[in-house]
Amino acid sequence: MAILDPMRRLIVALDGPGSSGKSSVGAAAAQALGYRFCDTGLLYRAVTWLAETRAVPVDDPVGLVGLVGAVELAGDDRGRLSRVMVDDVDHTEEVRAPAVDAAVSAVAAVPEVRAALLERQRDLAADGGIVMAGRDIGTIVLPDADLKIYLDASVEERARRRTEERHLDPEGPEAAEILDALRRRDHLDAHRAVAPLRVPPDARIITTDGNSFDETVAAVVGAIRDAEARRADVETEGIR
């Protein structure tokens, strides 16, 4: 049996639908374990925002791909690749705007954009010790990840959380719009021709309806620690 590199920490793929908590939960779990964290959705959001800013239409794949090289993810003091930089200017807040929410699935469905971002994501994960979150990490980007987690929640629960985060009236029209937008995005993500949202067949599914944030973080941390323990057992067996 081959001996695994004991110095290389795990590569963790964290997938799930929009607003399932991948970014916040994944970042907190990574910090608890001393791992890096990357929300790959930021790359797609950055390209989407830049396309809108520079008036590049979604039906212009060559133009969209031309924007990819201008986008960089920068780290913060917690090891999170959480800052979006374009031409050395921080545009993290802009890429989280509602207009980007509405347009990002269409941009992410462009095969040329996904191909252009694929190797960059793999390069970020190559050294291990990272939790990488997205919608196709375990199925397409990192199919050989040491651990695949699928963080799931009902669309109603996800809409409720987003409404609460934005301090909106849960019975108001804006809350209804959030729910409708999430349903549309789920449909687009699940039915796009390239890299549709799927549960990896070997993923550990964590359903978070009814969980507190801390409970979900603890579940993800526990899953990673379990995988680390299994890896250690394999290494020990290989030495024997």
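Every position in the sequence shown, counted from 1, becomes a number in our numbering once 13 is added. Don't be surprised by glycine CBs; every beta carbon is placed ideally from N, CA and C.
- prompt: Is it true that the CB of V38 sits closer than 8 angstroms to the CB of T220?
  reply: Contact: no.
task: Tell me, to the nearest whole angstrom, how far the beta carbon of L201 is from that of A128; I am working on the premise that it is less than 8 angstroms.
output: With 8 angstroms as the limit, L201 and A128 do not qualify as a contact, their Cβ atoms being about 19 angstroms apart.
- prompt: When the Cα atoms are used, what is the spatial distance from A42 to L155?
  reply: Rounded to whole angstroms, A42 to L155 spans 19 angstroms at the Cα level.
field: DSSP-derived helix/strand/coil call for S95
entry: Strand, per DSSP.
message: Can you tell me whether V25 is helix, strand or coil according to DSSP?
response: V25 carries a strand assignment under DSSP once its states are collapsed to helix, strand and coil.
- prompt: Who are the near neighbours of I24 in its chain, counting only those whose CB is closer than 7 angstroms to its CB and skipping five residues on each side?
  reply: Hits under 7 angstroms: A138, G141, I143, L155, A158, D159.
message: Tell me the rounded alpha-carbon separation between S33 and D100.
response: Here the alpha carbon of S33 sits roughly 31 angstroms from the alpha carbon of D100.
task: Taking only the alpha-carbon atoms, compute the straight-line gap between D30 and R171 and give it to the nearest angstrom.
output: The sequence shown places Pro at residue 30, not Asp. Here the alpha carbons of R171 and P30 stand approximately 9 angstroms from one another.
- prompt: Between A189 and L181, which are expected to be in contact by the criterion C-beta below 8 angstroms, what is the C-beta distance as a whole number of angstroms?
  reply: That pair is no contact at about 10 angstroms.
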